[in-house]
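So the sequences go chain by chain: Y and H. Be aware that the first sequence starts at -2, since it is given in our numbering, and climbs by one per residue. Be aware that the second sequence starts at -2, since it is given in our numbering, and climbs by one per residue.
There are 2 protein chains.
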Amino acid sequence: MKTFINPPRKEWGAILARPVQNFEEIESRTGLIMDRVKSKGDQALFEFTERFDGVRLKSFEVTEREIEAAKQLVSTELKAAIQVAKSNIEQFHKAQKTSDLKVETMPGVNCYRRSVPIEKVGLYIPGGTAPLFSTVLMLGVPAGISGCKEVILCTPPDKSGSVNPAILYTADLVGIKRVFKVGGAQAIAAMCFGTESISRVDKIFGPGNQYVTMAKQLASRFGVAIDMPAGPSEVAVYADETAMPEFVAADLLSQAEHGVDSQVLLVASSEKILSAVRTEIQIQLSQLTRREIAQSALENSVALVLNIEEAVDLLNEYAPEHLILSVKAPWEIADQITNAGSVFIGNYTPESAGDYASGTNHTLPTNGFAKAYSGVSLDSFVKKITYQEITQSGLLKIGPVIEAMAAAERLDGHKNAVSIRLKSLNDV
Amino acid sequence: MKTFINPPRKEWGAILARPVQNFEEIESRTGLIMDRVKSKGDQALFEFTERFDGVRLKSFEVTEREIEAAKQLVSTELKAAIQVAKSNIEQFHKAQKTSDLKVETMPGVNCYRRSVPIEKVGLYIPGGTAPLFSTVLMLGVPAGISGCKEVILCTPPDKSGSVNPAILYTADLVGIKRVFKVGGAQAIAAMCFGTESISRVDKIFGPGNQYVTMAKQLASRFGVAIDMPAGPSEVAVYADETAMPEFVAADLLSQAEHGVDSQVLLVASSEKILSAVRTEIQIQLSQLTRREIAQSALENSVALVLNIEEAVDLLNEYAPEHLILSVKAPWEIADQITNAGSVFIGNYTPESAGDYASGTNHTLPTNGFAKAYSGVSLDSFVKKITYQEITQSGLLKIGPVIEAMAAAERLDGHKNAVSIRLKSLNDV
């Protein structure tokens, strides 16, 4: 970790800079994949799956039989754990339901707002070494609560043409009826344009590599919404003398093991804490299966010593996806945090609690987007449609206001839509 | 208007197709503008303002004196109208405040959610023939209610270097302290990267031409959020035998006058209604100042005759930005509408009511995005940060769940962050 002791504010920008990605090459490659899926449909999907996943499939949709087989393969202990996590996530997301709104802004002028589920949503679950069935919960549970009519899931097959059983078990548990063995940018393209097998969706959710992320960005140009732009996962830990160095080290390593591009930031109240955490990292690192990944990620990561006021300012400037507050009065600090995806309070709330099971959503804004974006929530699966109904007497009151404003914006037609009604009412 | 009587469903896609934009040329031109503002700052802004707006400015920020002068220039009648609209918009948006959430998902596992204002927001207000001070209300009012710390506004100057007085009056009325005379893609670039005069913001709002829209899309790659992707404005009117043809015609024309690319869709329950509306359009068209624009827009627009069930399905497939229901039982239809930005109920609720003064927001999803996006609301100006706090006894319960899931995802480090804490608790 690169270490900075009380760096001056003017250096913070450079210290906190996230790696800049070169979009151009990724964009052009992804664009070609998207174009091909758009024009060739399933045929393109079969070809890309053979090329990128190393398997020639005969069909994409996971069968009932495969799901039943998967259920047998998941251990009873894991099933129980997934069910507990599901219950917690359900409780927290059900509490996010909002009631319809009705406001009479003027006599006879009634404005309403209602939440309406997005009809068709597509969830993307990456394959690779870590089968992210937890993300199936994080996206599938709120999709179900929201009442989305059609929820499909795309995930890449392995070389034998199978999908990890825990992913299939979890998809079935949350009520996802259709799962397709397609991964990468081609999966996003399929959900964006539709193919013979996979229907077009209104919104695409889920994490993925740079190609998946780029494909989601390109999809939004074709009228398909996405959950949020995504970058590498991040954690910031703020530790004072009440922190437990071995816990802090474990939290930093749990982020570092995600990938070599993971972002890890430690803000310590003293050099003593910082040094104790470093020592613990060395001890724990050697025991990790993914220690090489974690080591690389740590080499690019940053540790600082700052006083409280500066620490809060720096954390708000960085806007971490995950923020762990291992400090004496964590809620006092939390109240001053304006930019973060999700905050973990105190010594006994590791990030992995939120990643899996506490109930909060783990799909969170990275790359500084926490300054403006929220994580995925029930809101992400609904639209809020507004309505207005004006009575005849209401229009007599508000009409002249609209006429004056439309005239000042030089939009005659807008004015006339009111004038013609007012005239008919006055003529009566 | 292109007319279709009971077209078969398989033709709907082609009938409803929105014009496809060629992004490539706009993207490369916009990219060059963004790059130049990023590297040259104010100097680039001065140059682009001279080139595109035809005026060489000495500074961008509108002065106190200019604002005072503008206040004198706005008529008392218009001021009163703007104040009524502001009050209605305030009432409806204040009602959108959400209370903080706290859910104990398991004993000792507490999850929270709070709304936190986005710190720095930038509003873009187009110039041109129609001075959109109404958009200043629609964006400035919720920004103020949300508690955003820094709200700036960019709008292009006219050839004399001035900004329309109604825009300045309204900005002042809603409490916007800093207004800059910069327009186009260069304004978006300035708010995205920051320059000597204009500070970088976290989120950019507001309508604009294709260059502004593209610049907003590019800005989102640099960590700046945007309100929503935008296309030409749209209205769909559903009219049955209880509709007033002259009102319907006025509503269609009020949309058509926006621009030659405006989208206008009429769904009628019978050929008789459709024909009566067409006749009224011809009568009213000749009286509009912007009749040439409206005429062009109408040439590309569509009128259909459909039965109720098909009408609802077609409207949901089109997902209009604005939907006017001039039908006998409008709420019955509204209850079946799943995709729309804002809905106008009955014969006395013209779209212009929502455009200006009813209280709903007029920044709405176009181009079919109503399938997945909401219009601008109080939510657009806040992030919802989640928090979790787990007690020691809570971790003893949820810890094994997290361990089992992390192990199954083959993420040792995630598991260890829990195990190390459980071990310390069990050792006590």
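Quick reminder that beta carbons are idealized off the backbone N, C-alpha and C, glycines included.
Just measuring C-alpha positions, the residue of Y:P397, Y:L301, Y:A405, Y:T152 sitting nearest I417 of chain Y is Y:P397. Among the residues facing chain Y, N297 of chain H is not included, as its CB has no counterpart in that chain under 9 Å away. Here L320 of chain H is near V340 of chain H, since their CB atoms are less than 9 Å apart. When Cβ-Cβ separations below 9 Å define contact, Q183 of chain Y makes no contact with chain H. Taking a C-beta distance under 9 Å as the contact criterion, I201 of chain H and A216 of chain H qualify as a contact pair. D237 of chain H sits away from E348 of chain H, with the two beta carbons spaced by 9 Å or more. Of all residues in the stretch 208 to 236 of chain Y, only S217, R218, G220, A222, P226 place a beta-carbon less than 7 Å from a beta-carbon of chain H.
Nearest C-alpha to K117 of chain H among H:K146, H:T102, H:K94: H:K146. The three-state secondary structure of N313 of chain H, taken from DSSP, is helix. Our two residues, G356 of chain H and D224 of chain Y, have alpha carbons roughly 28 Å apart in a direct line. Within the same chain, S131, L134, Y353, A354 come within 8 Å of A82 of chain Y by CB-CB distance, once the 5 residues on both sides are set aside. Against chain Y, a Cβ distance below 9 Å from N206 of chain H picks out nothing, because the smallest value is about 17 Å.
DSSP, read as helix, strand or coil, puts C151 of chain Y in strand.
Within the same chain, and ignoring the five residues on either side of D409 of chain Y in sequence, the residues whose Cβ sits closer than 8 Å to its Cβ are A403. Take L54 of chain Y, set aside five residues on each side of it, and the residues of its chain with a beta-carbon closer than 7 Å to its own are F43, T46, P154, G158, K178, in chain order. Spanning the alpha carbons of W9 of chain H and E406 of chain Y requires a straight line of approximately 35 Å. The beta-carbon of N364 of chain Y is placed less than 9 Å from the nearest beta-carbon of chain H.
In the three-state DSSP reduction, N85 of chain Y falls in the helix class (H, G or I). Comparing alpha-carbon positions, the option among Y:K7, Y:G38, Y:P4, Y:R6 lying closest to M188 of chain Y turns out to be Y:G38. Beyond the five residues adjoining it in sequence on each side, S267 of chain Y comes within less than 7 Å, by CB distance, of E238, V302 in the same chain, given in chain order. Fewer than three Cβ pairs drawn from the stretch 257 to 264 of chain Y and the stretch 367 to 382 of chain Y lie within less than 8 Å of each other, which leaves the two stretches out of contact.
Taking a beta-carbon distance threshold of 9 Å, F20 of chain H counts as an interface residue toward chain Y. By the Cβ test, the stretch 287 to 295 of chain Y is not in contact with the stretch 325 to 333 of chain Y, since fewer than three Cβ pairs between them sit closer than 8 Å.
In the structure shown, C145 of chain Y falls within a coil segment according to DSSP collapsed to helix, strand and coil. Here DSSP, grouped into helix, strand and coil, assigns Y121 of chain H to strand. Taking C-beta separations shorter than 6 Å and ignoring five residues to either side along the sequence, the partners of E231 of chain Y in its chain run Q260, P317, E318, T363, following chain order. The beta-carbon separation of L165 of chain Y and A67 of chain Y, rounded to 4 Å, stays under the 8 Å limit for a contact. Assigned with DSSP and collapsed to three states, M402 of chain H falls in helix. Taking 9 Å as the cut-off, the beta carbon of V379 of chain Y is found closer than this to the beta carbon of S143 of chain Y. Taking a Cβ-Cβ threshold of 9 Å, the residues of chain H close to R287 of chain Y are R407, L408, D409, G410, in chain order. Checking the DSSP bridge columns, you'll see N107 of chain Y partnered with Y:E101, Y:E386. Annotation: E58 of chain H to M31 of chain Y spans about 44 Å, alpha carbon to alpha carbon. Contact between A401 of chain H and E87 of chain Y does not hold, since the beta-carbon distance rounds to 19 Å and is not under 8 Å. Residue-level contact by beta carbon holds for S84 of chain Y and chain H, with a gap shorter than 9 Å. The DSSP-derived three-state label of P204 of chain Y is coil. For L262 of chain Y, the enclosing beta strand (DSSP E) stretches over residues 260 to 265.
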